[in-house]
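Student:
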Amino acid sequence: MGKGGRASWSGSLAFVIAAAASAIGLGNLWRFPYLAAQYGGGMFIAIYLVLVATLGFALMTTEIAIGRKTSQSQLTAYSRLKSGWGFIGIIGTIIPILIVPYYCVIGGWVLYYLKAYTHMAFTGVNIMGEAAADSGQVFSSFISAPFAPFGYGMVFILGCAAVIVMGVKNGIEKSNMVMMPILFIMAIAISLYVLFLPGSAEGVRYYLVPNLDCVSTPDGKFSIVLLCKTILGAMGQMFYSLSLAMGIMVTYGSYTSKSDSIEKCVRRIEIFDTLIALIAGLMIIPVVYMFAVKTGTDVKQAMCAGPGLMFITLPKVFATLGTAGAWVGMGFFLLVVFAAATSAISLMEACVASVCDIMAIDRKPATFFTTAIIMFLATFSALGYGAWKHVKLYIFDTVNGQQFLDFFDFLSNSVLMPVVAVATCVFVGWVLGPKAIIDECESNGVTMKSKGIYSLMVKYIAPALMVMLLVSEICRALGIGGWSI
Ligand code: PFF
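Structure below.
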């Protein structure tokens, strides 16, 4: 990497924490809870757990082993393994470049909410205006403001770049060691607070007890199509949450030592990530449930998808908690800022490492160069709901068009990531052979326990499921076959 030799983690714990910090992000905090509420609570959770332990395990192991075997970021790793397959790395490198600008814009929104709740907690003054009355209005006027979303987004990007420029050990590792414990403590504290609220038990039941309605037709018959939809929903979430197919795990894997057990590290990363997703559900679903019951809203509708849940519904819920609401809001948005920052840092690092590897330059110039590109691209997403809201992209949604942020999100998450995952499975399963990855996992002299399931997954099951995910995502975008959720 660059001229100074490849960076490395200070140990396997530092690697596990960094990879978990990357995985734990907005996906755990807003995507997992609403999907769980949408797809039958415990039923969705059970499917998700099985997928993480099998498919997620195979994909994450593959990426980390490729990084470690080649000591390269994903841009150059695949071509090192076999000439002619470098295209996977090239497509894969485009993914974080597309994601990180809009992810940082959302990070900027979260920063604004953190500032507002901190102000409210300490002074009692609500700078957002009457959030209790109309938080939808507060949110839309913030994201459509001429400068604020751009300004907060840029602060967020510069904060992440400052960590990256300090390097793997001094920047990424040290910042994770501060942010991750605080994130865990806040998450546990808020979920305990929620669990002790009078009436929360019903909401917890709604979240955890399997509900078969999501796989039944309105007349109560079991539907295989609805079951497939639930499985694909869980699979998409697993993909998103574990930071797979976006070059991060290849890059972070390239900094690990040969003596680390990849298998053990992957299991630990998955446990941390899933634990935070489950806790996020406990923080969010019961309060939204209670709020929905109190206001006579449909629970599924209250648990709306995307930004609506975090920036519109939750502020309404916090407002019903009296003076404690400002403190809970502050704690919650601090936790979200840390989760988003650690994920954005890992996405940015995947880009910086690729620039270092391909241009053979050092981290500092590579970080400046990458940050400038990210700032430029982020401008489109930051201004896309405001000053540039009349600009729409009619590539995937040919009827309504897409705003920049939605377009970048769709292109990366729904198209390019499944394509990279399928290509990786075909490459590893059928060209390189699973043995190459198993050998890398066993290079520390310890037998890989799950090698049977690994080979089965990477050769047959993972590519088939990934193709299904890709097709369903494209059908959803084009409005074919009722795939929308
Ligand atoms: N895994 C992280 C999350 O769940 O938020 C990081 C991430 C995933 C970032 C997917 C961006 C993304 F599109």
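In our numbering, the protein residues as written are 429 to 913. Virtual Cβ for every residue (Gly too), placed ideally from N, Cα, C. Model, not experiment: these values are computed from the prediction.
Return the bridge partner residues of PHE650 from the DSSP annotation.
Tutor: The residue you call residue 650 lines up with position 222 of the sequence shown. Note: PHE650 sits in a beta bridge opposite SER644.
Student: Under 6 Å: does the beta carbon of ILE929 sit that close to some heavy atom of the ligand PFF?
Tutor: This structure does not reach residue 929, given that the chain is present from 429 up to 913, and the question cannot be answered.
Student: Which value, in whole angstroms, describes the spacing of the CA atoms of GLY814 and LEU893?
Tutor: Working through the sequence shown from its first residue, we reach residue 814 at position 386. Working through the sequence shown from its first residue, we reach residue 893 at position 465. Their Cα atoms are separated by approximately 38 Å.
Student: Could you check whether the stretch 793 to 804 touches the stretch 776 to 783, counting it as contact only if at least three pairs of C-beta atoms, one from each stretch, sit closer than 8 Å?
Tutor: Between the stretch 793 to 804 and the stretch 776 to 783 there are three or more C-beta pairs closer than 8 Å, enough to call the two in contact.
Student: If we ignore side chains and look at the alpha-carbon of each, how far apart do ILE518 and MET803 end up?
Tutor: Taking the first residue of the sequence shown as 1, we reach residue 518 at position 90. Taking the first residue of the sequence shown as 1, we reach residue 803 at position 375. Straight across, the Cα-Cα distance linking ILE518 with MET803 is about 21 Å.
Student: May I have the straight-line CA-CA distance separating PHE485 from ALA617, to the nearest angstrom?
Tutor: By one-based count along the sequence shown, residue 485 stands at place 57. By one-based count along the sequence shown, residue 617 stands at place 189. Roughly 29 Å separates the two Cα atoms.
Student: Is SER771 near the ligand PFF, in the sense that its beta carbon is under 6 Å from a heavy atom of that ligand?
Tutor: Counted from its first residue, the sequence shown places residue 771 at position 343. Within the cutoff, so yes.
Student: Can you round the beta-carbon distance between ALA505 and VAL678 to whole angstroms, since I take them to be within the 8 Å contact cut?
Tutor: Taking the first residue of the sequence shown as position 1, residue 505 is located at position 77. Taking the first residue of the sequence shown as position 1, residue 678 is located at position 250. In this structure ALA505 is in contact with VAL678, their Cβ atoms being roughly 5 Å apart against a cut-off of 8 Å.
Student: Going by Cα to Cα distance, which pick from PHE700, LYS817, LEU833 is closest to ALA767?
Tutor: What you label residue 767 is simply residue 339 of the sequence shown in a count that begins at 1. Closest by alpha carbon: PHE700.
Student: Can you list, in chain order, the residues of its chain whose CB lies under 6 Å from that of VAL632, leaving out five sequence neighbours each side?
Tutor: For the purposes of this step, residue 632 is taken as the residue at position 204 of the sequence shown. Hits under 6 Å: PRO714.
Student: Just reading off the alpha helix (DSSP H) that THR546 is part of, what are its end residues?
Tutor: One-based indexing of the sequence shown puts residue 546 at position 118. Looking at the DSSP string, the run of the alpha helix (DSSP H) that includes THR546 is 514 to 551.
Student: TYR506 lies in the alpha helix (DSSP H); which residues open and close that run?
Tutor: Taking the first residue of the sequence shown as 1, we reach residue 506 at position 78. Its alpha helix (DSSP H) spans residues 502 to 509.
Student: Report yes if the C-beta distance between PHE584 and LEU539 is below 7 Å; otherwise report no.
Tutor: Stepping through the sequence shown from its first residue, residue 584 is reached at position 156. Stepping through the sequence shown from its first residue, residue 539 is reached at position 111. Contact: yes.
Student: To which residues does DSSP link GLN830 through a beta bridge?
Tutor: Locating residue 830 in the sequence shown gives position 402, counting from the first residue. Paired residue(s): LEU821.
Student: Would you say the beta carbon of LEU611 comes nearer than 6 Å to a heavy atom of the ligand PLP?
Tutor: As far as ligands go, the structure on display features the ligand PFF and does not contain the ligand PLP.
Student: Could you say which of LEU775, CYS853, THR741, ILE889 lies nearest to PHE567 if we only look at CA atoms?
Tutor: Residue numbering aside, residue 567 sits at position 139 when the sequence shown is read from its first letter. Closest by C-alpha distance to PHE567, out of LEU775, CYS853, THR741, ILE889, is THR741.
Student: If you drop the 5 nearest sequence neighbours on each side, which residues of the same chain put their C-beta closer than 8 Å to that of PHE443?
Tutor: Translated into positions along the sequence shown, residue 443 becomes position 15. Taken in chain order, the residues that qualify are TRP437, TYR680, TYR683, THR684, ASP688, CYS693.
Student: To the nearest angstrom, how far is it from the Cα of VAL854 to the Cα of VAL886?
Tutor: Mapped onto the sequence shown, residue 854 falls at position 426. Mapped onto the sequence shown, residue 886 falls at position 458. Taking the straight line from one Cα to the other gives about 8 Å.
Student: With 16 as the cutoff for other CB atoms within 10 Å, does PRO862 come out buried or exposed?
Tutor: To locate residue 862, count along the sequence shown from 1; it is residue 434. The residue in question, PRO862, is buried, as its Cβ has 16 or more Cβ neighbours within 10 Å.
Student: Between which two residues does the alpha helix (DSSP H) containing ARG695 stretch?
Tutor: In the sequence shown, the residue the question calls residue 695 occupies position 267. Residues 690 to 723.
Student: May I ask which residues mark the beginning and end of the alpha helix (DSSP H) holding ALA474?
Tutor: Against the sequence shown, residue 474 aligns to sequence position 46. That run of the alpha helix (DSSP H) goes 470 to 479.
Student: Write down the C-beta distance between MET957 and GLU691 rounded to the nearest angstrom, noting that I regard them as a contact closer than 8 Å.
Tutor: For the chain, the structure presents residues 429 to 913; residue 957 sits outside this window and is missing.
Student: Let's see if you can read the secondary structure: which residues bound the alpha helix (DSSP H) around LEU805?
Tutor: Walking along the sequence shown from the start, residue 805 turns up at place 377. LEU805: member of the alpha helix (DSSP H) spanning 791 to 811, first to last residue.
Student: Kindly examine the ligand PFF and report whether one of its heavy atoms sits closer than 6 Å to the Cβ of ALA451.
Tutor: On the sequence shown, residue 451 is found 23 positions in, with the first residue counted as 1. ALA451 Cβ: within cutoff of the ligand PFF.
Student: Identify every run of the alpha helix (DSSP H) within the stretch 717 to 782, keeping only runs that are complete inside it and at least 4 residues long; order them along the chain.
Tutor: 727 to 730, 742 to 747
Student: Tell me the DSSP secondary structure of PRO638 in three-state form.
Tutor: Indexing the sequence shown from 1 puts residue 638 at position 210. Reduced to three states, the DSSP call for PRO638 is strand.
Student: Using 8 Å as the cut-off, can you tell me whether the stretch 748 to 768 makes contact with the stretch 448 to 461, which would need three or more C-beta pairs spanning the two stretches below that distance?
Tutor: yes
Student: Would you say GLY455 touches the ligand PFF, meaning its beta carbon is less than 6 Å from a heavy atom?
Tutor: Counting from 1 along the sequence shown, the entry for residue 455 is found at position 27. Answer for GLY455: yes, Cβ within range of the ligand PFF.
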